[in-house]
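Visitor: Quick one: the structure is below, and I'll ask about it shortly.
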Amino acid sequence: MSSNEVIKDDIVIPPKDDEELELEKLVFGDLKGFENNLKQIDNIYDEDYSFDDDSDNNNNNNSEDENDDQLENIQDDQLFFVDDGDKDQNMDNNEGDISDSDSNSDSDSSSDSDVWIDSEDENINISLLNSDKLKKLRHIETDSIINGKQYIQRLRSQFEKIYPRPNWADINQSDEETNSDDEKDEILTDDENEGNSTVELGDIKALTKILQSNTKILNQNQSRLLPPTKIDIIRLKDANQKFYSKSAIQTLSFHPTHPLLLTSGYDRSIRIYHIDGKNNNVVSTIHFKDSPIQTAQFNPNFEINKIFAGGRRRYMYSWDLSNGGIEKISRLYGHESTQKSFENFKISPGGNFIGLIGNSGWINILSSITSQWLKGFKIEGTIVDFDWSINEDFIVVINSIGEVWEFDLNDRQKIIKWKDETGVGITKIKLGGKNNKYCAIGSESGIVNIYNRLSNIKKPIGTLDQLITSISSLEFNNDGQILSIASRAKKDSLRLVHLPSCKVFQNWPTSGTPLGKVTAVKFSPNSEMVCIANEAGKARLWRLNHY
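Numbering-wise (the UniProt record's numbering), the sequence shown opens with residue 1 and increments by one.
Structure below.
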């Protein structure tokens, strides 16, 4: 036998001892446990299932048997409850509901209340006259001393005016109120101290409901004098935040008696917003397929419930808000040659007349009720702008070289003719103040001259040179204490001017005021708000706290 050969003997494997069998069972399991687990495969993912040994399974089975025995001992009338409509039971249930509702209301109120309440707040007295910042917290002029609790509430209210409450902060609250009667978002249309009529979001009759509601803008008979250097102004949410315009806003108009704002432009749509400073929901929209809108305006006479709109076309539209009817106005009955476009018009303050800037030096006057041509006035040169007197007794018309005509509306005669001192590149003219005292004239150079129209000597009482581009907007507020001047040619070109001092307010706008390129400016009828539209299609809204 060679050395490379290996003798192979059978190796004897001894039987497994108890220790080895136990270890093998722990590591690999045994056949019995495998079969038991197969039987429990349906419950393998249950939370109460556990991989225990047989003793544990037996214990579980025993406990289940005990539970079954207990259920068998319960009477049938204890397993089910039959509602037999017993009056006493109903009384108890009602009382329970009342207590539940009370507890719910308490929990709701507690959820809205402060986490920490200091009992000493009511014992602290704070004077609102110590500083200018505290004076802003006054509700009325006679407010002088308030307690700590009122001070906290007014600070919170002031903060939310500047930084409105975000929508996500109300999500949880709205979810908790799904069982209440007012699940849907609603717009409060009556005064807080008046009725409770509401207009639901998305309601196609929202505009009609608002016009029929008791919510009206209160005009102040007498206004307080405005400080000449600083203006108290707070930004609100954008008037058209729910639906920004797709193009630059060309025109703005407030409703004379209700909190409604109209916006329009070259996107050929007129949108009406319910202005509350927070939601500013859209209540109505109309689209004109064939006419971009240059000018649109509510009739200042609330009894003539119409909107007039026109663009660079030989016609304009009248929208009756009471019945939704649309009328196309185009016939001037023999005067069509003097009116090639209906894009530039102004409605008289009383709402009786519509003045149209025509061609060849003509101003055409239409009736806002019948839409018929009534009269016309002609001047020399090219008309750039005109304006109505507050009483509708005369109009002022200006041409491009600064010559101003005043015409009597009754006898159609010229009252006076005078000339602006600038006399070059005139763009705008505007009357304002009591008895049409002020006359503002803007030019392409950005210069604005302010005249006392009642004076026999036509010399400017103030000249504004803060803007350096063409004046595109002049607007007085209702009492004539504020004049807005703006130019759309340059970003943030807007100033507010105090009258009669003819000084620009120093504190507003600031470098951070988001004006953009201003295209239109309009004060609300009571001067409580001012809306400023821009080329980005946004209608910015500010509150004037003085009013």
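No residue lacks a Cβ here, since even glycine has one placed at the ideal position from N, Cα and C.
Is it buried or exposed, E421, if we count other Cβ atoms within 10 angstroms and call 16 or more buried?
Guide: The residue labelled residue 421 in the question sits at position 421 within the sequence shown. The residue is exposed, with fewer than 16 neighbouring Cβ atoms inside 10 Å.
Visitor: Which residues does DSSP list as the beta-bridge partners of A486?
Guide: For the purposes of this step, residue 486 is taken as the residue at position 486 of the sequence shown. Partner(s): S473 and L494.
Visitor: Would the segment 345 to 355 count as touching the segment 274 to 293 if we require 3 or more Cβ pairs under 8 Å?
Guide: Taking 8 Å as the limit for Cβ pairs, the verdict is that the segment 274 to 293 does not touch the segment 345 to 355.
Visitor: Could you tell me whether the segment 378 to 386 touches the segment 329 to 337, using the rule of 3 or more Cβ pairs below 8 Å?
Guide: Output reads no: the segment 329 to 337 does not touch the segment 378 to 386.
Visitor: What are the boundary residues of the alpha helix (DSSP H) that includes F159?
Guide: Here residue 159 corresponds to residue number 159 of the sequence shown, with the count starting at 1. Residues G148 to I162.
Visitor: Helix, strand or coil for V448, going by three-state DSSP, please let me know.
Guide: Position 448 of the sequence shown, counted from the first residue, corresponds to residue 448. V448: strand per DSSP, three-state reduction.
Visitor: Could you check where the alpha helix (DSSP H) with K133 kicks off and where it finishes?
Guide: Locating residue 133 in the sequence shown gives position 133, counting from the first residue. Its alpha helix (DSSP H) spans residues D132 to K135.
Visitor: Just reading off the beta strand (DSSP E) that E403 is part of, what are its end residues?
Guide: For the purposes of this step, residue 403 is identified with residue 403 of the sequence shown, where counting begins at 1. Looking at the DSSP string, the run of the beta strand (DSSP E) that includes E403 is E403 to D408.
Visitor: Do S484 and S493 have their C-beta atoms within less than 8 Å of each other?
Guide: Residue mapping note: residue 484 aligns to position 484 of the sequence shown, counting from 1. Residue mapping note: residue 493 aligns to position 493 of the sequence shown, counting from 1. Against a cut-off of 8 Å, the Cβ pair of S493 and S484 comes out as no contact.
Visitor: Nearest to E406 by CA position, among K430, V424 and G425, is which residue?
Guide: Residue mapping note: residue 406 aligns to position 406 of the sequence shown, counting from 1. Of the candidates K430, V424 and G425, the one whose C-alpha sits nearest the C-alpha of E406 is K430.
Visitor: Whose C-alpha, out of A248, N456, H546 and I398, is nearest the C-alpha of A536?
Guide: Working through the sequence shown from its first residue, we reach residue 536 at position 536. Residue A248 is the option with its Cα nearest to A536.
Visitor: Which term fits L23, buried or exposed, when burial requires 16 or more other beta carbons within 10 angstroms of its beta carbon?
Guide: For the purposes of this step, residue 23 is taken as the residue at position 23 of the sequence shown. Result: exposed.
Visitor: With a Cβ-Cβ cutoff of 8 Å, do I447 and T463 count as a contact?
Guide: Numbered from 1 along the sequence shown, position 447 holds the residue referred to as residue 447. Numbered from 1 along the sequence shown, position 463 holds the residue referred to as residue 463. Yes, they are a contact pair.
Visitor: What residue range is occupied by the uninterrupted beta strand (DSSP E) comprising A248?
Guide: Stepping through the sequence shown from its first residue, residue 248 is reached at position 248. Looking at the DSSP string, A248 is not in any beta strand (DSSP E), and its letter there is neither H nor E.
Visitor: Can the beta-carbon of F523 be found closer than 8 Å to that of E475?
Guide: In the sequence shown, residue 523 corresponds to position 523, counting from 1. In the sequence shown, residue 475 corresponds to position 475, counting from 1. Yes, Cβ-Cβ distance for F523 and E475 is below 8 Å.
Visitor: Between which two residues does the alpha helix (DSSP H) holding Q212 run?
Guide: Position 212 of the sequence shown holds residue 212. Counting along the chain, the alpha helix (DSSP H) containing Q212 begins and ends at A206 to Q212.
Visitor: How far does the beta strand (DSSP E) with F28 in it reach, from first residue to last?
Guide: Mapped onto the sequence shown, residue 28 falls at position 28. Counting along the chain, F28 falls outside any beta strand (DSSP E), though it belongs to the alpha helix (DSSP H) covering D18 to F28.
Visitor: What is the DSSP secondary structure of L31, reduced to helix, strand or coil?
Guide: On the sequence shown, position 31 is the one that residue 31 refers to. The answer is helix: DSSP assigns L31 an H, G or I state.
Visitor: At the level of alpha carbons, what is the spacing between S110 and H255?
Guide: The residue labelled residue 110 in the question sits at position 110 within the sequence shown. The residue labelled residue 255 in the question sits at position 255 within the sequence shown. Because S110 carries a pLDDT of 40, less than 50, the predicted location of this residue cannot be relied on, and the following value inherits that uncertainty. S110 and H255: Cα-Cα distance of roughly 40 Å.
Visitor: By the three-class DSSP mapping on this structure, what secondary structure does S337 have?
Guide: Your numbering for residue 337 matches position 337 in the sequence shown. Looking at S337 - three-state DSSP - the assignment turns out to be helix.
Visitor: Apply the 10 Å Cβ neighbour rule to F28 and answer buried if 16 or more other Cβ atoms are within range, or exposed otherwise.
Guide: By one-based count along the sequence shown, residue 28 stands at place 28. Exposed.
Visitor: Who are the near neighbours of N545 in its chain, counting only those whose CB is closer than 8 Å to its CB and skipping five residues on each side?
Guide: The residue given as residue 545 occupies position 545 in the sequence shown. These residues qualify, in order along the chain: K136, D232, I233 and I234.
Visitor: Output the boundary residues of the beta strand (DSSP E) element that contains H287.
Guide: To locate residue 287, count along the sequence shown from 1; it is residue 287. Its beta strand (DSSP E) spans residues V282 to H287.
Visitor: Consult DSSP for D121 and reduce its assignment to one of helix, strand or coil.
Guide: As a working note, residue 121 is residue 121 in the sequence shown. Residue state, collapsed to three classes: helix.
Visitor: On the premise that A520 lies in contact with S473, defined as a C-beta separation below 8 Å, what is that separation, rounded to the nearest angstrom?
Guide: Position 473 of the sequence shown, counted from the first residue, corresponds to residue 473. Position 520 of the sequence shown, counted from the first residue, corresponds to residue 520. About 6 Å; that satisfies the 8 Å criterion.
Visitor: Would you please state the rounded distance, in angstroms, between the beta carbons of N301 and Y273? I believe it to be under 8 Å.
Guide: Working through the sequence shown from its first residue, we reach residue 301 at position 301. Working through the sequence shown from its first residue, we reach residue 273 at position 273. Contact doesn't hold; Cβ gap of about 21 Å is too wide.
Visitor: Could you tell me how far apart the beta carbons of I270 and L260 are, in whole angstroms, since I believe they sit closer than 8 Å?
Guide: For the purposes of this step, residue 270 is identified with residue 270 of the sequence shown, where counting begins at 1. For the purposes of this step, residue 260 is identified with residue 260 of the sequence shown, where counting begins at 1. About 12 Å separates the two Cβ atoms, so there is no contact after all.
Visitor: For I357, is the classification buried or exposed, using 16 other Cβ atoms within 10 angstroms of its Cβ as the cut-off for buried?
Guide: The count along the sequence shown starts at 1 and reaches residue 357 at position 357. I357 is buried by the Cβ-count criterion.
Visitor: What residue range does the beta strand (DSSP E) around G310 cover?
Guide: Taking the sequence shown and counting its residues from 1, the one referred to as residue 310 is at position 310. Counting along the chain, the beta strand (DSSP E) containing G310 begins and ends at K306 to G310.
Visitor: For the beta strand (DSSP E) containing N364, name the first residue and the last one.
Guide: Counting from 1 along the sequence shown, the entry for residue 364 is found at position 364. It spans W362 to S367 - the beta strand (DSSP E) in which N364 sits, taken as one unbroken run.
Visitor: By Cβ distance below 6 Å, which residues in the same chain neighbour N305 in space, the five residues on each side in sequence not counted?
Guide: Here residue 305 refers to the residue found at position 305 when the sequence shown is read from its first residue. Cβ within range, chain order: L321 and S322.
Visitor: Taking the alpha carbon of C531 as the point to measure from, which residue in V424, L31, G277 and A206 has its own alpha carbon closest?
Guide: Reading the sequence shown from its first residue, position 531 is the one you call residue 531. When only C-alpha atoms are compared, the closest one is G277.
Visitor: In terms of alpha-carbon separation, which member of S144, C439, D121 and I379 lies closest to D132?
Guide: Residue numbering aside, residue 132 sits at position 132 when the sequence shown is read from its first letter. Comparing Cα-Cα distances from D132 to each of S144, C439, D121 and I379, the minimum goes to S144.
Visitor: If you run the structure through DSSP and keep just helix, strand and coil, what is K434?
Guide: As a working mapping, residue 434 is identified with position 434 in the sequence shown. The answer is helix: DSSP assigns K434 an H, G or I state.
Visitor: How would you label V497, buried or exposed, when you count the other beta carbons within 10 angstroms and need 16 or more for buried?
Guide: Here residue 497 refers to the residue found at position 497 when the sequence shown is read from its first residue. So V497 counts as buried.
Visitor: Does G96 come out as helix, strand or coil in the three-state DSSP assignment?
Guide: If you number the sequence shown from 1, residue 96 lands on position 96. Reliability fails at G96, whose pLDDT of 41 lies under 50, so the model's placement of it is uncertain and the value that follows must be treated cautiously. Of the three classes helix, strand and coil, the one that applies to G96 here is helix, per DSSP.
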